[in-house]
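Asks: Here our numbering = 1-based position in the sequence shown + 6.
Backbone N, C-alpha and C fix where the C-beta goes; we use that ideal spot for every residue, glycine too.
Remember, it's a predicted structure, so these values are computed and weren't measured experimentally.
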Amino acid sequence: SEEILNLPGRQEAFNRLGLSDLVCNMMANKHFTKEYKGSHKMTIEMFQVAGDLLSQGLREVQDTFIENYYDNDSTLSSSNFLSLIKKILKSMKSYISSLEINPNRIDNSSLELYISVLKFLQNFCEGHYRTTQE
């Protein structure tokens with residue numbers, strides 16, 4: 007997704023077509039978050055697309071994510087989104103602890119998920135974007 011989304015003008019175009027809203031709705035969907043598994047491919051893709059959409063720091067795209075997050079009628083403002091993030095971060099903590107015991111137990115699918123979530127969180131909470139800091 008990164009190669010397609012990072013072409014000049016593509017992030018704004020995809021945002022205007024509703025891709026950001028779609029990703030936000032998927033992130034907060036209670037059925038989706040209940041079915042989360044550590045290696046769930048759809049979860050990885052969802053966070054990669056969200057991170058890629060936000061990666062250039064474009065105000066229009068960031069505003070869409072923030073509007074979804076703070077809008078009381080939006081599913082992203084529900085606890086499902088934060089619950090999913092919490093589950094993944096707890097899973098990451100357990101995974102890191104297990105690597106300390108057995109460093110040869112590397113799971114590429116889990117690593118891919120954790121990297122995509124951390125990249126999304128970094129782009130979602132960038133310090134230069136004042137709205138996320140309020």
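Which parts of the segment 88 to 138 are runs of the alpha helix (DSSP H), unbroken and 4 residues or longer, counting only runs that do not cross its ends?
Replies: Counting only runs of 4 or more, we get 114 to 130.
Asks: Would residue 119 and residue 91 qualify as a contact pair, given that the criterion is a beta-carbon distance under 8 Å?
Replies: no
Asks: Am I right that residue 18 and residue 64 are in contact with their C-beta atoms under 8 Å? What's the rounded C-beta distance?
Replies: 6 Å
Asks: Assuming the contact rule is C-beta atoms closer than 8 Å, residue 74 and residue 27 should be a hit. Round their C-beta distance to whole Å, please.
Replies: Between residue 74 and residue 27, the beta carbon gap of about 7 Å places them in contact (Cβ cut-off 8 Å).
Asks: Please say whether residue 71 and residue 34 have beta carbons closer to each other than 8 Å?
Replies: no
Asks: Would residue 67 and residue 31 be called neighbours here (beta carbons separated by less than 8 Å)?
Replies: no
Asks: Looking at the unbroken alpha helix (DSSP H) that takes in residue 26, where does it start and where does it end?
Replies: 25 to 34
Asks: Buried or exposed: which applies to residue 153, given that a residue is buried once 16 or more other Cβ atoms fall within 10 Å of its Cβ?
Replies: Residue 153 lies beyond the range of the chain shown here (7 to 140); nothing can be said about it.
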